[in-house]
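Data block below; observations after.
2 protein chains.
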Amino acid sequence: MASSAVAFANENRQRFLEELKDLLRIPSISTLPEHKEDIHKAAKFVADDLKRIGFEHVEIIPTEGHPLVYADWLHAAGKPTALCYAHYDVQPAEPLDEWKTPPFEPTERDNNIYARGAVDDKGQLWMEVKAFESLFKAGNGKLPINVRVLFEGEEEVGGESIEKFIKEHPERLKSDFALVCDTELFAPDLPTLCVGLRGLVYTEIEAQGAMTDLHSGIYGGAAPNPLFALIEIISKLKDANGKILIPGFYDHVKEPTADELKAWKALPFNEEHYRKTEVGSTVLTGEPGFSVLYRTWARPTLEVHGMPGGFIGAGAKTVIPARASAKISMRLVPNQNADDIFKKYSDYVMSLAPKGIQLKIKIHSKGPASVVGTDSNWIHAATEALKEVFHKETVYIRSGGSIPIVTQFGDDLKIPTVMMGLGLPDDNLHAPNEKFHIPNFHRGVESIIRFFHILAK
Amino acid sequence: MASSAVAFANENRQRFLEELKDLLRIPSISTLPEHKEDIHKAAKFVADDLKRIGFEHVEIIPTEGHPLVYADWLHAAGKPTALCYAHYDVQPAEPLDEWKTPPFEPTERDNNIYARGAVDDKGQLWMEVKAFESLFKAGNGKLPINVRVLFEGEEEVGGESIEKFIKEHPERLKSDFALVCDTELFAPDLPTLCVGLRGLVYTEIEAQGAMTDLHSGIYGGAAPNPLFALIEIISKLKDANGKILIPGFYDHVKEPTADELKAWKALPFNEEHYRKTEVGSTVLTGEPGFSVLYRTWARPTLEVHGMPGGFIGAGAKTVIPARASAKISMRLVPNQNADDIFKKYSDYVMSLAPKGIQLKIKIHSKGPASVVGTDSNWIHAATEALKEVFHKETVYIRSGGSIPIVTQFGDDLKIPTVMMGLGLPDDNLHAPNEKFHIPNFHRGVESIIRFFHILAK
Chain A
694 MASSAVAFAN
704 ENRQRFLEEL
714 KDLLRIPSIS
724 TLPEHKEDIH
734 KAAKFVADDL
744 KRIGFEHVEI
754 IPTEGHPLVY
764 ADWLHAAGKP
774 TALCYAHYDV
784 QPAEPLDEWK
794 TPPFEPTERD
804 NNIYARGAVD
814 DKGQLWMEVK
824 AFESLFKAGN
834 GKLPINVRVL
844 FEGEEEVGGE
854 SIEKFIKEHP
864 ERLKSDFALV
874 CDTELFAPDL
884 PTLCVGLRGL
894 VYTEIEAQGA
904 MTDLHSGIYG
914 GAAPNPLFAL
924 IEIISKLKDA
934 NGKILIPGFY
944 DHVKEPTADE
954 LKAWKALPFN
964 EEHYRKTEVG
974 STVLTGEPGF
984 SVLYRTWARP
994 TLEVHGMPGG
1004 FIGAGAKTVI
1014 PARASAKISM
1024 RLVPNQNADD
1034 IFKKYSDYVM
1044 SLAPKGIQLK
1054 IKIHSKGPAS
1064 VVGTDSNWIH
1074 AATEALKEVF
1084 HKETVYIRSG
1094 GSIPIVTQFG
1104 DDLKIPTVMM
1114 GLGLPDDNLH
1124 APNEKFHIPN
1134 FHRGVESIIR
1144 FFHILAK
Chain B
694 MASSAVAFAN
704 ENRQRFLEEL
714 KDLLRIPSIS
724 TLPEHKEDIH
734 KAAKFVADDL
744 KRIGFEHVEI
754 IPTEGHPLVY
764 ADWLHAAGKP
774 TALCYAHYDV
784 QPAEPLDEWK
794 TPPFEPTERD
804 NNIYARGAVD
814 DKGQLWMEVK
824 AFESLFKAGN
834 GKLPINVRVL
844 FEGEEEVGGE
854 SIEKFIKEHP
864 ERLKSDFALV
874 CDTELFAPDL
884 PTLCVGLRGL
894 VYTEIEAQGA
904 MTDLHSGIYG
914 GAAPNPLFAL
924 IEIISKLKDA
934 NGKILIPGFY
944 DHVKEPTADE
954 LKAWKALPFN
964 EEHYRKTEVG
974 STVLTGEPGF
984 SVLYRTWARP
994 TLEVHGMPGG
1004 FIGAGAKTVI
1014 PARASAKISM
1024 RLVPNQNADD
1034 IFKKYSDYVM
1044 SLAPKGIQLK
1054 IKIHSKGPAS
1064 VVGTDSNWIH
1074 AATEALKEVF
1084 HKETVYIRSG
1094 GSIPIVTQFG
1104 DDLKIPTVMM
1114 GLGLPDDNLH
1124 APNEKFHIPN
1134 FHRGVESIIR
1144 FFHILAK
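Structure follows, in structure tokens:
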């Protein structure tokens, strides 16, 4: 039966891709209020297709934020139930002038599809939907296992609504495991399962000095400058070696096991190639004494993302701004508690407030790290499916990114997650010229088909 | 004759004000290319009126930047020649949402006129023009002294074109002294002449790390962050007490004389009132051991004005930006050389570049400080005129702001400048809700009329 679903998928490759392009044309940017309608349009696009291909109970569930899309098909008696997750929202596309083709006009180049959301995560969401369609078709309206679909539209802004929904309706989501397609292959053609993620605490420090913007000639030397105050504070959060200086920040950090570290060393990773082709900087930075994979997968970090305030147009304006703010996030590793870290961070930042400056600290999102074990039926089945598609052994990696939903599936639904992602390291997610490698889209569809058939055995 | 010009000015107060409003309605923002046409409109508005009231050789002089407006009337044989300067360009109006009434729709409230450029400098430019009109009218087409008018449209962006013009055509500007109306009274109703200004070096540091924006989850811990790099650098430019840490920065600083310091102490200055009503911060900042007036008039400072780059919209974006920049300026005091300071600053900044970061330093504008003596005919006459209008003794102050043109008048034309400004300390120049106190506009017109009549004696 796998082969007939796979055959259907192969015959419909071009249509699947054209449908994905239609989805990518919807600028469903979750952080920008002016795109609220696009978010709804994307949710409806996905829900309509889930209904068309054979799901039951298809529902666009309104929330206080952006809607969830739910669907299920639960008639495979005695077979396991999968909770299949992805997200249909995307990051902002700025800086727009760095895109070679418009971010919401999907364009094929060199066997890639370029668009905001191509790999993160609409392309991978559509991989799931098209695997389901192929399975329904080959099964004459039946799936080999039970499937619940839960897609969200807030992943890029913290995913509060899905978190609340899962907490309030665990019974509606009762499943045996979760499938999350939002990660990447370690290298092209190398089947990969992600078994660990860093957590995230994303904050904004708002600083106020004078009551109004002041002329820096007239008031320079007497008026507090909130932008300089933020600079003073942030310079004390992390040293030049990447060590975070917040008291107690590393207290609960859990190190990877010796086995993991050994396996990571065996991965096909060329630091110089990574520096040149992925990062494109003159050197790599970060804590000395840790490998690049260790630093990006299993060490906590702190970054500043932007500093709104003052004059940021072209040219010169001699202003001491009344207000400025800084967007700062921390990536967490296992055993660091997001609330504990936020408290330590806030206490430390407040203690650094220069005189004359009022600070407020907002939290945009938070979620702990999570690590899933490799010794489970689900990971075994996924590994087997990937071997059938790639004809290679799977590598188990972590990701430096955060998928708080994976942690929540473990905490609130008590189920493990299979993170089967088909992105590539150079897919430019969250950046200009985001892409998805088209062969990986099709491989993803086939891998999910085979994964579910193996689980139905 | 002064009295008939003054009488004419008094009879035409309302018309003068309505004309000023028309000038204020033109958004002649010199730093924004999209307002180029408005700059020309403002130049034409001014030139047309100069012609109408009786000037000769009225000319809009094109430059590589924004045009100059020149006019003269030179038939007062044996009388001195004044070179009358002001600027018709304005600062950007951002942040727009903090204006109570629109910046380019002049509005009267509480005897003030609110608009971008009201006091800096269109209101003061118009003061000059209306004084000239009154003098022409009372003199039946003649002025009591010779007058050259030279107005520029680039003051807020460094004034390069006027600098070049003066260097190339000193003979066209041959005068005995300059009148600059672009400063303020020390206190309401207190006649004030500004006899010293700080200089300015305005720079932008551009930092580049990776070749493209990167996801901070995936790359955090390995990729250089140019925004954090700028923070590290800027935090080392100035300490928490306001002391600038650039090596050699204070080498040539010339201190005010003991007499000046004594006179400043006698000024009606209430630090607590200044803090509350002008700055509006919880405390004042700056170098300990120097008074507020000393700090803002005669001590050099360093400020950061804005940091373009990364994500500055609402919400959260987990990006490590490829590029970021920082707008940083320094105010200079007498004997500091702008080129020398820029070199010391650049050398120091470059020496602080974190690994993996490429820096470029741009200069937006530069000009040294200048101090003019109080013991001259021009200052004596101006003092007498102000006494006739205000019935009080004039105080001699400095300003923390920069008017590079004053230095150039001294250096290239070898003439002293009378800085007769009628702004008030709370006029919000360069900030939202900029205003000009209407009685001061009229006093300014009258003061210039009387000043020129005294010089004609």
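Sequence lines, in order, name chains A and B.
Numbered continuously in this note's numbering, the first sequence closes out at residue 1150.
Numbered continuously in this note's numbering, the second sequence closes out at residue 1150.
Glycine residues also receive a C-beta, built at the ideal position from the N, C-alpha and C atoms.
For clarity, every value in this text was computed on a predicted model and none was experimentally measured.
{"Query": "Supposed close pair B:I838, B:F1145 - CB separation, criterion 8 Å", "Result": "5 Å"}
{"Query": "Rounded C-alpha distance that separates B:K1055 from A:A1009", "Result": "11 Å"}
{"Query": "Beta-carbon contacts of B:R1016 that lie in its chain and below 8 Å, excluding the five residues immediately before and after", "Result": "E899, A900, Q901, G902, P919, G1002"}
{"Query": "Helix, strand or coil at A:N1133 according to DSSP, with G and I counted as helix", "Result": "helix"}
{"Query": "Partners in chain B for A:S1092, counting only beta-carbon separations shorter than 8 Å", "Result": "G910, I911"}
{"Query": "Contacts of A:F1004 in chain B (Cβ-Cβ under 8 Å)", "Result": "P785, E787, H998, G999, K1020"}
{"Query": "Beta carbon proximity, B:F921 to chain A, threshold 7 Å", "Result": "yes"}
{"Query": "Limits of the unbroken alpha helix (DSSP H) element including A:R841", "Result": "Note, A:R841: premise wrong, no alpha helix (DSSP H); beta strand (DSSP E) at 839-845."}
{"Query": "From A:G747, A:L960, A:G1066, residue whose alpha carbon lies closest to that of A:G834", "Result": "A:G747"}
{"Query": "A:V1138 at chain B interface by Cβ criterion, 7 Å", "Result": "no"}
{"Query": "Residue span of the alpha helix (DSSP H) that contains B:G910, given as start and end", "Result": "909-912"}
{"Query": "Neighbouring residues, chain B, relative to A:A903 (Cβ below 7 Å)", "Result": "V972, G973, S974"}
{"Query": "Under 9 Å from the C-beta of A:V1151: neighbouring residues of chain B", "Result": "Given a span of 694 to 1150 for chain A in the structure shown, any question on residue 1151 of chain A remains unanswerable."}
{"Query": "Rounded separation between A:V850 and A:I722 - CA only", "Result": "9 Å"}
{"Query": "Bridge-paired residues (DSSP) for A:S1018", "Result": "A:E899"}
{"Query": "Within 9 Å of chain B by C-beta, residues of the region 833-855 of chain A in sequence order", "Result": "E849, V850, G851"}
{"Query": "Span of the alpha helix (DSSP H) around A:M1043", "Result": "1031-1044"}
{"Query": "Classification of B:H759 by the beta-carbon crowding that lies within 10 angstroms, buried from 16 upward", "Result": "buried"}
{"Query": "Beta-carbon gap between A:A779 and A:G846 smaller than 7 Å", "Result": "no"}
{"Query": "Pair within 7 Å by beta-carbon distance, A:H1130 and A:N705", "Result": "no"}
{"Query": "Chain-ordered neighbours of B:Y807 on chain A, where CB pairs are closer than 9 Å", "Result": "The contacting residues do not exist; B:Y807 stays about 13 Å from chain A at best."}
{"Query": "Residue-level contact to chain B via CB, A:L977, 7 Å cutoff", "Result": "yes"}
{"Query": "Proximal residues, the region 1049-1083 of chain A versus chain B, C-beta separation under 9 Å", "Result": "G1049, I1050, Q1051, H1057, S1058"}
{"Query": "Within chain B, partners of A:L1117 - CB distance below 7 Å", "Result": "Near A:L1117 there are no residues of chain B at all, since even the closest Cβ is about 11 Å away, more than 7 Å."}
{"Query": "Contacts of A:A933 in chain B (Cβ-Cβ under 9 Å)", "Result": "E925, P1047, K1048"}
{"Query": "Cβ pair B:D999, A:F797 closer than 7 Å", "Result": "Per the sequence presented here, residue 999 of chain B reads as Gly, with Asp not at that position. Not in contact: B:G999 and A:F797 (Cβ atoms no closer than 7 Å)."}
{"Query": "Identity of the residue in B:A991, B:L893, B:K931, B:E971 nearest B:T950 by Cα", "Result": "B:A991"}
{"Query": "Proximity test, A:T1011 beta-carbon vs the ligand MN heavy atom, cut-off 6 Å", "Result": "Questions concerning the ligand MN fall outside what the structure shown contains, since it holds no ligand whatsoever."}
{"Query": "Closest Cα partner of B:K1085 within the set B:S1140, B:H1057, B:L883, B:D1040", "Result": "B:L883"}
{"Query": "C-beta neighbour in chain B for A:R802, strict 7 Å", "Result": "no"}
{"Query": "DSSP state of B:S1092 mapped onto helix, strand, coil", "Result": "strand"}
{"Query": "A:Q784: first and last residue of the uninterrupted beta strand (DSSP E) it sits in", "Result": "No beta strand (DSSP E) holds A:Q784; DSSP gives it neither H nor E."}
{"Query": "Cα-Cα separation between B:H1073 and B:H1135, rounded to whole angstroms", "Result": "21 Å"}
{"Query": "Identity of the residue in A:E712, A:L767, A:F701 nearest A:V842 by Cα", "Result": "A:L767"}
{"Query": "Within the region 952-1023 of chain A, ranges of the beta strand (DSSP E) (whole runs, at least 3 residues)", "Result": "994-1003"}
{"Query": "Enclosing beta strand (DSSP E) for A:G1060 [first to last residue]", "Result": "1051-1060"}
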